[in-house]
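Participant: Encoded as structure tokens, here's the structure I'll be asking about.
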Amino acid sequence: MNTIAAIDSAEKASEKAVQSTLLSPRFYTTDFAAMDRLDISAVRAEWDQMMSEYEGDNNHDHFQRDAQFAEEVAQRFSQVSPAMRQEFLDFLISSLTSEFSGCILYNEIARNIDNPDIKQLMRYMARDESRHASFLNQSLKDFGLGIDLGNLKRTKAYTYFKPKYIFYATYLSEKIGYARYISIYRQLEKNPDKRFHPIFRWFERWCNDEFRHGESFALIMRAQPHLLKGGNVYWIRFFLLAVYATMYVRDHSRPMLHEEMGLDSSVYDFEVFQITNDITKQVFPVSLDLDNPAFRAGLKQLFQVQTQMDLAKKRGGLVGLLQRGFWAASGAVTFARLYFLPVNHHALPDQVRMVPAW
Ligand SMILES: [Fe+2]
Ligand SMILES: [Fe+2]
């Protein structure tokens, strides 16, 4: 069930991007002095290899439209239902906001530090995210819904995160972003008739950028091993759950998008979680147990809570307010129950880097 207001003008598209909710992508700022002090010498060889890949920039010519793009939009996308069109616009806006969020954060870090390793990395990643954001924005512009990114940068709220939270959260969002895009790409590669918009043809090379961004944070964390043990493991568990749960609830609130691709949201989400679990073993000593039926049930419950919250919000008034309070508390209890489920433990591999082989 989708409760978003119809996106039918550039103003509404911008409002949607500026919005700060529990589920919408956020903009971040951090402690630049601490970023400046990072030392990656413990992973120097793998780091240098990665930096030469960034320098080689194998996607420099990728984010350009081909001759068929406009035709596919006109022929194929014009056939989707109005409700489906709204879900896709919502998808474009949330994807754009999250790409642009990375772009701003990486740019700001690069501008505010002198540490040559981190500065160079942040410049490369900002370069990539800026291409991704512009490419998405072009598709919004096709419908007259382009977002003024300068304005978004000025008006959206920023959340302050200590560097370690930036590492956990951004690492996960890059890797889950890879897993999401590659799963969609593979599905549409097998079922080209389900490819209702040409932008999905770009996802394979695109998600290799995200994979590499994730690799960068993996190396940074492996070079600061205290971030991966002791009390910090509880933070890792928190971020794993927060990222997985957000994705589950957000995807289930726009079910048509996956149906149109021939995917079931729950099956797709668990496939993405499995890929993410397989990747995060490079850096996190724990992963969530996807086979535990209580995990699946808890996520379903969180989605129900979100649905009820949206209904209560619509209802408004005192009753609506009381209902919202009730469902917020219920959501918190469900999240806590999920948090305390047993997790899987792993030893970390000697070699950190992986290849995007999915
Ligand atoms: Fe990106
Ligand atoms: Fe990225």
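Residue 3 is where the sequence shown starts when you use the working numbering, and the numbers rise one by one after that. Quick reminder that beta carbons are idealized off the backbone N, C-alpha and C, glycines included. What you are looking at is a predicted structure, and each value in this text was computed from that prediction instead of being measured.
1. Going residue by residue through the segment 234-298, where are the continuous alpha helix (DSSP H) segments of at least 4 residues, counting only ones entirely within it?
2. Between which two residues does the beta strand (DSSP E) holding residue 2 run?
3. Any heavy atom of ligand 1 closer than 7 Å to the Cβ of residue 17?
4. State the Cα-Cα distance for the pair residue 92 and residue 181, rounded to the nearest angstrom.
5. Measuring only from the beta carbon, is residue 59 closer than 7 Å to any heavy atom that is part of ligand 1?
6. My assumption, with CB atoms under 8 Å, is that residue 12 sits in contact with residue 148. Please give the rounded CB distance.
7. Taking 7 Å as the line, does the beta carbon of residue 261 fall inside it for any heavy atom of ligand 1?
8. Three or more beta-carbon pairs under 8 Å between the segment 59-79 and the segment 198-209, yes or no?
9. Taking three-plus beta-carbon pairs below 8 Å as touching, is the segment 49-66 in contact with the segment 234-251?
10. Just list the alpha helix (DSSP H) runs in the segment 153-216, keeping only unbroken ones of 4 residues or longer that don't cross its boundaries, in chain order.
11. In its own chain, which residues sit with a C-beta less than 8 Å from the C-beta of residue 39, not counting the 5 before and 5 after it?
12. Can you say whether residue 273 is buried or exposed, counting buried as having 16 or more other CB atoms within 10 angstroms of its CB?
13. I need the straight-line Cα distance from residue 158 to residue 29, nearest angstrom please.
14. Kindly indicate which three-state DSSP category residue 357 falls into: helix, strand or coil?
15. Kindly list the residues whose CB is nearer than 7 Å to the CB of residue 41, restricted to its own chain and excluding five residues on each side of it in sequence; keep chain order.
16. Should residue 5 be labelled buried (16 or more other beta-carbon atoms within 10 Å of its own) or exposed?
17. Could you work out which residue in 211, 96, 252 and 295 is closest to residue 55 when comparing CA atoms only?
18. Would residue 165 pass as a contact of residue 36 if the rule is Cβ separation under 8 Å?
19. Considering only the alpha carbon of each residue, which of 150, 318, 326 and 282 lies closest to residue 357?
20. Report the three-state DSSP secondary structure of residue 114 (helix, strand or coil).
21. Quick one, which of 355, 14, 68 and 31 has its alpha-carbon nearest residue 223's?
22. Pop quiz: residue 89 and residue 258 are said to be a contact at Cβ under 8 Å. What is the actual Cβ separation, rounded to whole angstroms?
23. Count the other C-beta atoms from every protein chain shown that fall within 10 angstroms of the C-beta of residue 342, then say buried if there are 16 or more, exposed otherwise.
24. What residue from 219, 261, 204 and 100 has the CA that sits closest to residue 63's CA?
25. Do the segment 214-222 and the segment 309-323 make contact, defined as three or more Cβ pairs closer than 8 Å?
Facilitator: Well, looking at it:
1. 234-254, 257-262 and 267-282
2. This structure cannot speak to residue 2, because the chain is shown only from 3 to 360.
3. no
4. 20 Å
5. no
6. 6 Å
7. no
8. yes
9. no
10. 165-192
11. 117
12. buried
13. 7 Å
14. coil
15. 225
16. Low confidence applies to residue 5: its pLDDT is 44, below 50, so where it sits in the model is not reliable, and the reading given next is rough at best. Exposed, because fewer than 16 other Cβ atoms sit within 10 Å of the Cβ of residue 5.
17. 211
18. yes
19. 282
20. helix
21. 355
22. 5 Å
23. exposed
24. 204
25. no
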